[in-house]
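Q: Quick one: the structure is below, and I'll ask about it shortly.
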Amino acid sequence: MGAISDFIQKYYLHFNAASLVDAAKAYEEQLNQGNKMLVSLAGAMSTAELGKIFAEMIRQDKVHIISCTGANLEEDIMNLVAHSHYKRVPNYRDLTPQEEWDLLEVGLNRVTDTCIPEEEAFRRLQKHIYKIWKNAEEKGERYFPHEFMYKMLLSGVLEEYYEIDLKDSWMYAAAEKNLPIVVPGWEDSTMGNIFASYVIKGELKATTMKSGIEYMTFLADWYTDNTKDNGIGFFQIGGGIAGDFPICVVPMLYQDLERTDTPFWSYFCQISDSTTSYGSYSGAVPNEKITWGKLDINTPKFIIESDATIVAPLIFAYLLDL
């Protein structure tokens, strides 16, 4: 084992620390059994630069499908092409409303302690992705949001802008493998808003972009095909729609389609600092998912109540023998 793996096994012995180690070992066991793993990304994990280690997880086939928000889909590419223009604000908790407004005025959109530069990030992607959207429409072709992003990355049109090592972009690693991704609620992302603006202006048709329902039907087929011989685990970073959308595919297949031979998820782990509250999906303990037909009684279940930006890299480091 590597230095980080040895460290956490020696010192992470109780409470959330022990849950981290247990979850990492169970993830590894899933892979050793030939099972596949879905990883869901909520929050702003791409802006947190998770790609530095997550890309290697993809390259080493330790991730087989991803569910992520539209923000995580685009923000990894934004970091790739505009990294030097980002601005870190360590004292973000102390900012006044006026100081927040001042950031807006100079085109800096804040995500916790990091400001994304509008001109160099959003607009730089916009002019290239619009051409790809328009070209597909003129050919009568339709694609998912992530497929359009893959086309843009693999076309090479962004190469002149690269500002980080390409190996640190998880989206590029995923594009190279044509890794399946589902992006629920893509419409609320920046690129989703931009696409909607072109639809409103009559410059694009809404149908050029495949929908969330089509993502769900794709996922249903993918899950069915990939559970014929082995299981699929579920590793959830954060909460929200990125996790809730894909995990529902199992009860949909079992209950709504009445495919009662559909297996439950073979593993479940969530990293979250959300507390259990009234109706909160993000704060729900894993056992609640049994009542919804998502997890089995015997499914290995873990919840690590901590900051995902700290925990996820440690688990990935363990799995990569770092």
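Under this note's numbering, the first residue of the sequence shown is numbered 2, with each subsequent residue one higher.
Each residue gets a CB set at the ideal place from its N, CA and C atoms; glycine is no exception.
All of these numbers come straight from a predicted model, not from anything done at the bench.
With a 10 Å radius around its C-beta and 16 neighbouring C-beta atoms as the bar for buried, classify residue 302 as buried or exposed.
A: Counting from one through the sequence shown, the residue named residue 302 turns up at place 301. Flag for residue 302 reads buried.
Q: Could you give the DSSP three-state label for residue 265: helix, strand or coil?
A: If you number the sequence shown from 1, residue 265 lands on position 264. In the structure shown, residue 265 sits in coil (DSSP, three-state: anything other than H, G, I, E or B).
Q: Using DSSP bridges, identify the partner residues of residue 68.
A: Within the sequence shown, numbered from 1, the residue matching residue 68 stands at position 67. In the DSSP output, where bridge partners are listed per residue, residue 68 has 41, 183.
Q: For residue 296, list the residues DSSP reports as bridge partners.
A: Against the sequence shown, residue 296 aligns to sequence position 295. Looking at the DSSP assignment, residue 296 forms a beta bridge with 266.
Q: Starting from the C-beta of residue 179, find all residues in its chain whose C-beta is less than 8 Å away, skip the five residues before and the five after it, and write them out in chain order.
A: For the purposes of this step, residue 179 is identified with residue 178 of the sequence shown, where counting begins at 1. Correct list, in chain order: 151.
Q: Using the DSSP secondary-structure output, state which residues sit across from residue 112 in a beta bridge.
A: As a working note, residue 112 is residue 111 in the sequence shown. In DSSP, residue 112 forms a bridge with 115.
Q: Strictly by DSSP, which residues pair up with residue 237?
A: Your numbering for residue 237 matches position 236 in the sequence shown. Residue 237 pairs with 41, 271.
Q: Between which two residues does the beta strand (DSSP E) containing residue 303 stretch?
A: Stepping through the sequence shown from its first residue, residue 303 is reached at position 302. Run containing residue 303: 302-305, per the beta strand (DSSP E) assignment.
Q: At a cut of 8 Å, does the stretch 230-240 reach the stretch 27-41 through at least three beta carbon pairs?
A: Result yes; three or more Cβ-Cβ pairs closer than 8 Å.
Q: I need the DSSP call for residue 253, collapsed to helix, strand or coil.
A: The residue you call residue 253 lines up with position 252 of the sequence shown. Three-state result, residue 253: helix.
Q: Could you check how far apart the C-beta atoms of residue 312 and residue 51 are, in whole angstroms? I think they sit under 8 Å.
A: For the purposes of this step, residue 312 is taken as residue 311 along the sequence shown, with counting starting at 1. For the purposes of this step, residue 51 is taken as residue 50 along the sequence shown, with counting starting at 1. About 11 Å; that fails the 8 Å criterion.
Q: Taking its Cβ as the centre, do 16 or more other Cβ atoms sit within 10 Å of residue 63, making it buried, or is it exposed?
A: Here residue 63 refers to the residue found at position 62 when the sequence shown is read from its first residue. Buried.
Q: To which residues of the same chain is residue 57 closer than 7 Å at the C-beta, ignoring the five residues directly before and after it?
A: Along the sequence shown, one-based indexing puts residue 57 at 56. Only 321 meet the Cβ criterion.
Q: Are the stretch 178-196 and the stretch 141-151 in contact at 8 Å, needing three or more beta carbon pairs?
A: Taking 8 Å as the limit for Cβ pairs, the verdict is that the stretch 141-151 does touch the stretch 178-196.
Q: For residue 99 and residue 12, what's the separation of their Cα atoms in angstroms?
A: Position 98 of the sequence shown, counted from the start, is the residue given in the question as residue 99. Position 11 of the sequence shown, counted from the start, is the residue given in the question as residue 12. Each residue's alpha carbon lies about 45 Å from the other.
Q: Quick one: using the 10 Å Cβ neighbour count with 16 as the cut-off for buried, is residue 251 buried or exposed?
A: Here residue 251 refers to the residue found at position 250 of the sequence shown. That one is buried.
Q: Only counting runs of 4 or more residues, tell me where the alpha helix (DSSP H) segments fall wholly within the stretch 139-168, in order along the chain.
A: List check, alpha helix (DSSP H) in window: 146-156.
Q: Does DSSP put residue 229 in a helix, a strand or coil?
A: For the purposes of this step, residue 229 is identified with residue 228 of the sequence shown, where counting begins at 1. Coil, per DSSP.
Q: Looking at C-alpha atoms only, which residue of 194, 316, 25, 14 is the closest neighbour of residue 72?
A: Against the sequence shown, residue 72 aligns to sequence position 71. Per the Cα distances, 194.
Q: For residue 186, collect the residues of the same chain with a Cβ closer than 6 Å to its Cβ; drop the 5 residues on either side in sequence, then sort them by chain order.
A: One-based indexing of the sequence shown puts residue 186 at position 185. Once the five neighbours on either side are set aside, the close Cβ partners of residue 186 are 242.
Q: Which of the three DSSP states, helix, strand or coil, is assigned to residue 178?
A: Locating residue 178 in the sequence shown gives position 177, where the first residue counts as 1. It is helical.
Q: Pick helix, strand or coil for residue 290, following the three-state DSSP scheme.
A: For the purposes of this step, residue 290 is taken as residue 289 along the sequence shown, with counting starting at 1. Here residue 290 sits in helix by DSSP.
Q: Compute the Euclidean distance between the alpha carbons of residue 5 and residue 77, then round it to the nearest angstrom.
A: The sequence position of residue 5 within the sequence shown is 4, counting from 1. The sequence position of residue 77 within the sequence shown is 76, counting from 1. Going from the Cα of residue 5 to the Cα of residue 77 covers about 25 Å.
Q: Thinking C-alpha only, which one of 295, 275, 284 is nearest residue 268?
A: Translated into positions along the sequence shown, residue 268 becomes position 267. Ranking 295, 275, 284 by Cα distance to residue 268 puts 295 first.
Q: Measuring straight from C-alpha to C-alpha, what distance separates residue 74 and residue 213?
A: Locating residue 74 in the sequence shown gives position 73, counting from the first residue. Locating residue 213 in the sequence shown gives position 212, counting from the first residue. Their backbone Cα atoms lie some 15 Å apart in a straight line.
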